[in-house]
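Numbering (this note's numbering), first residue to last: 50 to 171.
Beta carbons are placed, not taken as given, at the ideal position from N, Cα and C, and that holds for glycine.
Please read all numbers here as calculations on a predicted model, not as lab measurements.
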Amino acid sequence: GGHKGYGLQLMIELLCGVLSGAGLESRMAGASGTAKSATGHFMGAIKMSGFRDLSAMFGDMGKLFDVIRGAKKAPGHDRIYIHGEPEAIAEEENRRIGVPITPAVLEQIQRLNEELELGFEL
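Printed below as a string of structure tokens:
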């Protein structure tokens, strides 16, 4: 991750480990479950308008996203997504055409509908 990755990891370690008192990453319980877990969490809120005008900030954010989307794509990929974008696209599609249900799930719903005498038309 280089110096930026190191800086991000250090920030996360300070907020989630040192500040919370949960412990350092190096002392966290392993997958074996033999040690007591010392996982820490941090949640924070930032009032963005306290830094700058929101419309200007969102404009710059859009420009940054355009730069990211315009970067060279990995072989076999035709698009670069911003974090959360695939989920937002799926939500819009699900609201427009409905949530896809596999035949097996539909069969379970139909069975429960009959068993519980719910009277839904599927």
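- [ ] Assign GLU142 to one of three DSSP states: helix, strand, or coil.
- [x] helix
Task: Inter-residue Cα distance where the pair is GLY119 and ILE129 - done: 8 angstroms
Task: Exposure of GLY66, with buried meaning 16 or more beta-carbon neighbours within 10 Å - done: buried
Task: Alpha-carbon spacing of LEU167 relative to ALA153, whole angstroms - done: 19 angstroms
Open item on the list: Please report the straight-line C-alpha distance between GLY147 and ALA139, rounded to a whole angstrom.
Closed with: 10 angstroms
Task: LEU64 and PHE91 closer than 8 angstroms at C-beta - done: yes
- [ ] Could you please give the first and the last residue of the uninterrupted alpha helix (DSSP H) stretch that includes LYS112?
- [x] 103-118
TODO: Starting from TYR55, trace the alpha helix (DSSP H) both ways and give me its first and last residue.
DONE: 51-62
Task: Residue span of the alpha helix (DSSP H) that contains ILE95, given as start and end - done: Run containing ILE95: none; DSSP gives neither H nor E here.
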